[in-house]
Each structure stands twice: as C-alpha cells, then as structure tokens.
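Engineer: Position one of the sequence shown corresponds to residue 1 (full-length UniProt numbering), numbered consecutively onward. Have a look at the structure that comes next, please.
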Amino acid sequence: MSSSHSRDSVLKDQPTAAPPPTTGRTAALRARAAHVYDTVSTRHGWLGDYDYAWLCMPTLPFALPGRNGKRRQVGPPFYALESNLPIAVAVTTGLQHALAMLAGLITPPIIFASSLNLDTATSAYMISASLIGCGILSLVQMSRIHLFRNFYLGTGLLSVVGTSFSTLSTADAVFKNMYADGTCPTSTAADGTLTQLPCPDAYGYILGTSLICSFLEIFMAFIPPRTLKRIFPPMVTGTVILLIGASLVGTSGIPDWGGGSNCEGRPTTGDYVYCPSNDAPRPALWGSPDMIGLGFLSFASIILTELFGSPFLKNISIIVGLAVGCIVAGAAGYIDGSSIATAPAITFLWVKTFRIRVYPPAILPMLAVYISVAMEAIGDITASAEVSRVAVDGEEFDSRIQGGVLSDGLGGFMSALFTVAPLSLFAQNNGVIAVTRCANRNAGRWCCFFLILFGVLGKISGVFLAIPNPVLGGVTTFLFASVSVSGIRVLAYNRFTRRDRFVLAAALSFGLGDILVPDFLTYLFSTVTTSNKGLQGFLNSITIVLSTPFLIAGLIAVLLNLILPQEEGPNGDDDDAIERGIEREVVDVQAVERSHDEKTF
1 MSSSHSRDSV LKDQPTAAPP PTTGRTAALR ARAAHVYDTV STRHGWLGDY DYAWLCMPTL
61 PFALPGRNGK RRQVGPPFYA LESNLPIAVA VTTGLQHALA MLAGLITPPI IFASSLNLDT
121 ATSAYMISAS LIGCGILSLV QMSRIHLFRN FYLGTGLLSV VGTSFSTLST ADAVFKNMYA
181 DGTCPTSTAA DGTLTQLPCP DAYGYILGTS LICSFLEIFM AFIPPRTLKR IFPPMVTGTV
241 ILLIGASLVG TSGIPDWGGG SNCEGRPTTG DYVYCPSNDA PRPALWGSPD MIGLGFLSFA
301 SIILTELFGS PFLKNISIIV GLAVGCIVAG AAGYIDGSSI ATAPAITFLW VKTFRIRVYP
361 PAILPMLAVY ISVAMEAIGD ITASAEVSRV AVDGEEFDSR IQGGVLSDGL GGFMSALFTV
421 APLSLFAQNN GVIAVTRCAN RNAGRWCCFF LILFGVLGKI SGVFLAIPNP VLGGVTTFLF
481 ASVSVSGIRV LAYNRFTRRD RFVLAAALSF GLGDILVPDF LTYLFSTVTT SNKGLQGFLN
541 SITIVLSTPF LIAGLIAVLL NLILPQEEGP NGDDDDAIER GIEREVVDVQ AVERSHDEKT
601 F
C-alpha cells in the first residue's frame, strides 16, 4: 500500500510531457483538409444554393405583374467576404467579373498603341501584359496583409485593378508634346503633310515617369484618410472623374466611332484618306454611314442587352456589344485577321520590353494623375465596402482605405516594371457584386485567374486587336460616358450651396473650355524661346497640365475649396458640420436600402 502510494506520488511529481508544438497546427491543417474534401466531394460544395436560372434567364421587361401588382424578383443568397462559396459560384461569378472589366482593360493599350503608331506585334503584347499585370496586382489588392501598427497592404475586399483612364487622358497630351518637341520622330511629305512615325520610346518614358511618381501615392497612403477627404472632397473628385470621361469621349470614343483618329477630318492625301487606312479590307471615309452604322450596332446591342438580357449578360453588356459588332463586321468583310494570325499562341510579361526613362515635362502631370488616382481609390473602396456589407466608417474601414491606396501606389510602381501603364482600382465590378450578391474574395481570385489566362493566350490579344475602330468606338463611347456618370454621382453627394456652385463653376470653366477648344492653352508659352532645357521642360509640363481638362479643373477645385471660407447655415452651423450630418443620413439611407433589398430577394 505504502509502496503503491509512494510510486503514485513519484509519478505525480514527474513533469508531464508537453504536447508536440505542432498539435494545434496539425489540427488546423486537418480541419482545412476536411473542409476542402467536403467542398470537392459533395454536390452542395460544388453548386450550393445559388439560383443559376435567375443568373442566366433573360429579362422580360413587359411581363405581367404579380397578384400584388408588382413584379417580384427572386435572387440568390448573399455570399459575404469569408463565407463558404460553392466552387461553381466562385468560377461563374469570377468569370463574370473578368468579362465585366475586360473592355476597360484592353481599351487603354489599344489607344496607347494607336497614338504611337506601334506595330501589330507590340500592340498585341501590350494588351496581353495589361491583362496579366491586372490579374497579378488584383490579387495583391484583394489581400489584407498586416505591415505594422495599423497599416495594411490591400483592402481585403473583392477589389480589382485596371489601367486608369486618367493616365490615358494625360498620356495623350504627353505624346502630342513628344512629337512636337522632337522626342518622337515625324516625317513631312512633299505636299507638307506631317506624319507621326512609330515611337515605342514614348511608352517607355510614360512607364519610367509613372514609376518615380508612384511614390507620391505611396506617401499619401500614410496620411489619415479623414485628412485626404478634407483636402479632396466629393466636389473635387467628382469634377475630376466627370471631365476624365468627357474628354475621353471627345478624344478617343467618337473619333474611333467615325472610323479612327488617323483619318478624322478626312485628309485628301496620305495613307489615311480612308478609314481605318487605305489598305483596309473595306475602307471608307471618316464618318461615312458604313462606319457610323457599325458603331451604332454595338451601341444598340448594349442597350438591348440591358433591356432583355439576363443578369449575367447585363454585367458584361460591353463585351456583348463588342461581340455583336465583330460578328457583323466579320461577316461583312471589315475585319483584317492578320493580327490574329501573327499573334503568338502563348505569351507572358517581358516578351517585349521598353526603355524605361523619365520624361521631365511629364512629371508634374503624372504627379497630378496619382493624386486623382488616390482619390478615385477612396471612392471605389467606399463603394466596394457598401455593396460587400461591411462597415463604411471606423478604424477598420480607414485601414481598408489606407491599405487600398498603398496597394494602388505599389501597383503603379510594379506595373511599370511589368511594362503596363499605371494600374488603379476599378469601379465597374461593384455593380457585379451588387447584382450577383457575391462579395466573396474567392470569386475575385477566380477573376484574377481568368485575366491572367486571357493574357497568356496570345491569340486572344490578336482577336482584340482585330476589332474594327467603329465597333470599338461605339463601345468605348458608352464606357467613357459611364465614367462621366460616375463623376456626376459623386458630385450628387454635395449640398450645392452657393460656395459649392462657385467652386464647380470655376473648375468647369477651364475643364469644359479645354474639351470644347483643345488648343486654347497650348500656345501659352509658344513665344518663349530659351536654351535652358530645364526651364523649357518645366514650361512644357505646365502646358500639359493646362491643356488636360481634368488636371486644370482639379487643381482649381482643390485651391478654391481650401481658400474659400465655409458658409454658415441659418442656425450658425458650418458646412462641415452639415456635411457630416448628410454623410450620416446617406449611410442610414443605404442601410435601409440594403435591408429592403434583403426582404425583396
């Protein structure tokens, strides 16, 4: 008895062996493996409860109402950021996101290549690089990597990136300056006609300049979001977005709709008497019924898709417009298939490279571009958070804005190394989230997979390059007009006091003036002659800023917003206090709308 007792006491005194340090990790891995197995081995894991018929069935706008006099719409369940998403839903909605942003991704490289008269192979590569770069950097933007203290990298939302249209508008002015100052080569015909020759170095200058200017947005990511919102309120950002879309309609959308910018104005000599060139399969004069009709067919297809299409097709109506236009154009003999035949089957980044250098006159305009890109990012992140049903205020939301702006800045740096123009957050996908009711990041990861796949398959870029100018113009005109509508929506958050109207009127005076009379401020320093290259470059950069509608308008709006005093209301309340009250009311209204949507669906 005593020996037994002593033995037990000895055993009690011995230290108990600690569990292996990997026990908790092993259990987590086993649980993860079990979850993956259940997902891939069960019908619910593949299909879930999603209403695929609702997603794919066409809309009947003139259908009879229900018993209560209202047309009832039944939608799928809402999938939050971290919810268990069925595989088929993730693949389907991911593809939908990729197709919804596809037109916006291929348009900038096509316009860049056209402005610089680059060859077909280079143009196709630029499209592929844009798709691959967007897929890779969207994965970074969707992450939420903790750096230090309260700073993160990425939004943690289903956020995707694409080439900013503000870069496109600014680059057009920079390219014109490069051809004017001799950086890009030109040739003069016997009759005095000036022809702009291919200039791939100009694209390298844009990449290099954007690379160093991206540090400004990286720095802005560490400024408190509330401070940024105070300096750049909706009055400023809405004006900038409005004019970006409006200027692109005039400089790219409508010229392409008429047949192409090279033959705009109907030159009487040269290679562009007919559109898209004299050697095209079926050339025609700029603005002829043939050209206008092709573009209108694509434009009308977008409208019909919105009227009769299923939710899936409505989210990719731009692609539907391109597809319908290309089918008709191909059947009528307008498409030159040489770009498809010469495009490689497989491609990737750095198959072609550009000499990355800095163009000093473009530094100031590109700094302004990154400021506008950061402001767009704040608005896009707010919209993404709203449709994803996460908080739109508080420390967590501020950290999402900080992480998104930082990822945007790093994206501008990395995209230049990827031979892609600066990438920023895309707003188009917020509509896809709202309609499909899927805010899960797994769908976003599938979207990135499809974007990278589309870029690696080089023949797809050849297909995009073969799209006739009128078809592309009819679609991009709608796309750029949608950008302007987004600006109007941002402006609608203002109360439009007398002060607000004054700021907006002053900014639009120069912005609309530049759009309607593009040469208004381009000759401001034409009489100044100096041998100082630094001074000449500074004057050229000022000219670019003044002749770019959204840059000069945004600059004026920022200055006036900072120096004009706030107005007091009848009860002594200043505009800031009233604005904060309006923001709270907007959040409350959005919450009510979301609650109503949940009940409706």
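Where a beta carbon is used, it is the ideal one built from N, C-alpha and C, also for glycine.
Three Cβ pairs or more, each shorter than 8 Å: is that satisfied between the region 160-177 and the region 410-426?
Structural biologist: yes
Engineer: Does the region 502-515 touch the region 544-557, meaning 3 or more C-beta pairs lie closer than 8 Å?
Structural biologist: yes
Engineer: So for residue 196, helix, strand or coil by DSSP?
Structural biologist: Residue numbering aside, residue 196 sits at position 196 when the sequence shown is read from its first letter. In the structure shown, residue 196 sits in a strand (DSSP, three-state: E or B).
Engineer: Using a Cβ-Cβ cut-off of 7 Å (strictly less than) and excluding sequence neighbours within five positions of residue 522, which residues of its own chain qualify?
Structural biologist: Taking the first residue of the sequence shown as 1, we reach residue 522 at position 522. Excluding residues within five positions, the ones whose Cβ falls inside 7 Å are 543, 547.
Engineer: If you compare alpha carbons, which of 376, 91, 132 is closest to residue 232?
Structural biologist: Looking up residue 232 in the sequence shown gives position 232. Checking every option, the nearest Cα to that of residue 232 belongs to 376.
Engineer: According to the Cβ coordinates, are residue 89 and residue 326 closer than 8 Å?
Structural biologist: By 1-based counting over the sequence shown, the position of residue 89 is 89. By 1-based counting over the sequence shown, the position of residue 326 is 326. Cβ distance not < 8 Å, so residue 89 and residue 326 don't count as in contact.
Engineer: For residue 213, name the three-state secondary structure that DSSP assigns.
Structural biologist: On the sequence shown, position 213 is the one that residue 213 refers to. Note: residue 213 maps to helix in three-state DSSP.
Engineer: Just the Cα atoms here: how many angstroms apart are residue 369 and residue 205?
Structural biologist: Against the sequence shown, residue 369 aligns to sequence position 369. Against the sequence shown, residue 205 aligns to sequence position 205. Residue 369 and residue 205: Cα-Cα distance of roughly 15 Å.
Engineer: Applying the 10 Å Cβ sphere with the 16-neighbour rule, what's the burial state of residue 464?
Structural biologist: In the sequence shown, residue 464 corresponds to position 464, counting from 1. Answer is buried; the Cβ neighbour count reaches 16.
Engineer: Can you tell me which of 43, 175, 111 puts its alpha carbon nearest to the alpha carbon of residue 87?
Structural biologist: The residue given as residue 87 occupies position 87 in the sequence shown. Residue 43 is the option with its Cα nearest to residue 87.
Engineer: I'd like to check one pair, residue 477 with residue 324: are the Cβ atoms closer than 8 Å?
Structural biologist: Residue 324 sits at position 324 when you count from the first residue of the sequence shown. Residue 477 sits at position 477 when you count from the first residue of the sequence shown. No, the pair does not count as a contact, with Cβ atoms beyond the cut-off.
Engineer: Ignore the nearest five residues each way along the sequence and tell me which others in residue 360's own chain have a CB closer than 6 Å to its CB.
Structural biologist: Taking the sequence shown and counting its residues from 1, the one referred to as residue 360 is at position 360. So the list reads 537, once near-sequence residues are dropped.
Engineer: For a test of the three-state rule: what should DSSP assign to residue 159, helix, strand or coil?
Structural biologist: Reading the sequence shown from its first residue, position 159 is the one you call residue 159. Three-state result, residue 159: coil.
Engineer: Assess contact between the region 485-498 and the region 525-534, defined as three or more Cβ pairs (one per stretch) separated by less than 8 Å. Is contact present?
Structural biologist: no
Engineer: Determine whether the Cβ of residue 470 lies closer than 8 Å to any Cβ atom of chain D.
Structural biologist: The question asks about chain D, but that chain is absent: this structure has only one protein chain.
Engineer: Looking at C-alpha atoms only, which residue of 282, 154, 163, 203 is the closest neighbour of residue 426?
Structural biologist: For the purposes of this step, residue 426 is taken as the residue at position 426 of the sequence shown. The option with the nearest alpha carbon to residue 426 is 163.
Engineer: How about residue 136 and residue 123: are their beta carbons less than 8 Å apart?
Structural biologist: In the sequence shown, the residue the question calls residue 136 occupies position 136. In the sequence shown, the residue the question calls residue 123 occupies position 123. No, they are not a contact pair.
Engineer: Below 8 Å on the Cβ atoms is my contact criterion, and I expect residue 149 with residue 403 to pass it. Report the Cβ-Cβ distance as a whole number of Å.
Structural biologist: Sequence index remark: in the sequence shown, residue 149 carries index 149 (1-based). Sequence index remark: in the sequence shown, residue 403 carries index 403 (1-based). No, residue 149 and residue 403 are not in contact; Cβ-Cβ is about 12 Å, not under 8 Å.
Engineer: Determine whether the beta carbon atoms of residue 282 and residue 333 lie at a separation below 8 Å.
Structural biologist: Counted from its first residue, the sequence shown places residue 282 at position 282. Counted from its first residue, the sequence shown places residue 333 at position 333. For residue 282 and residue 333, yes; Cβs fall inside 8 Å.
Engineer: Could you tell me if residue 408 is buried or exposed, where buried requires 16 or more neighbouring beta carbons within 10 angstroms of its beta carbon?
Structural biologist: One-based indexing of the sequence shown puts residue 408 at position 408. It counts as buried.
Engineer: Just checking my contact of residue 444 with residue 138 at CB under 8 Å: how many whole Å lie between their CB atoms?
Structural biologist: Locating residue 444 in the sequence shown gives position 444, where the first residue counts as 1. Locating residue 138 in the sequence shown gives position 138, where the first residue counts as 1. Residue 138 and residue 444 do touch by the CB rule: their CB atoms are close to 7 Å apart, below 8 Å.
Engineer: In terms of alpha-carbon separation, which member of 54, 263, 96 lies closest to residue 432?
Structural biologist: In the sequence shown, the residue the question calls residue 432 occupies position 432. Sorting 54, 263, 96 by C-alpha distance to the C-alpha of residue 432 places 96 at the top.
Engineer: Going by C-alpha to C-alpha distance, which of 379, 239, 51, 58 sits closest to residue 77?
Structural biologist: For this step, residue 77 is matched to residue 77 along the sequence shown. If we check each option's Cα against that of residue 77, 51 comes out closest.
Engineer: Answer with buried or exposed for residue 350, where buried requires no fewer than 16 other C-beta atoms within 10 angstroms of its C-beta.
Structural biologist: If you number the sequence shown from 1, residue 350 lands on position 350. Exposed is the call here.
Engineer: Three or more C-beta pairs under 8 Å: does that hold for the region 387-399 against the region 183-202?
Structural biologist: No, they do not touch.
Engineer: Under DSSP, the beta strand (DSSP E) around residue 423 begins and ends at which residues?
Structural biologist: Residue numbering aside, residue 423 sits at position 423 when the sequence shown is read from its first letter. Element bounds for residue 423: 423-425.
Engineer: Suppose the cutoff is 7 Å on Cβ atoms and the five residues either side in sequence are ignored; what does the same chain contact list for residue 46 look like?
Structural biologist: Within the sequence shown, residue 46 is the residue found at index 46, counting from 1. 86, 87, 88.
Engineer: Report the residue from 188, 106, 460 whose alpha carbon sits nearest the alpha carbon of residue 165.
Structural biologist: Indexing the sequence shown from 1 puts residue 165 at position 165. Selected option, being the one with the closest Cα: 106.
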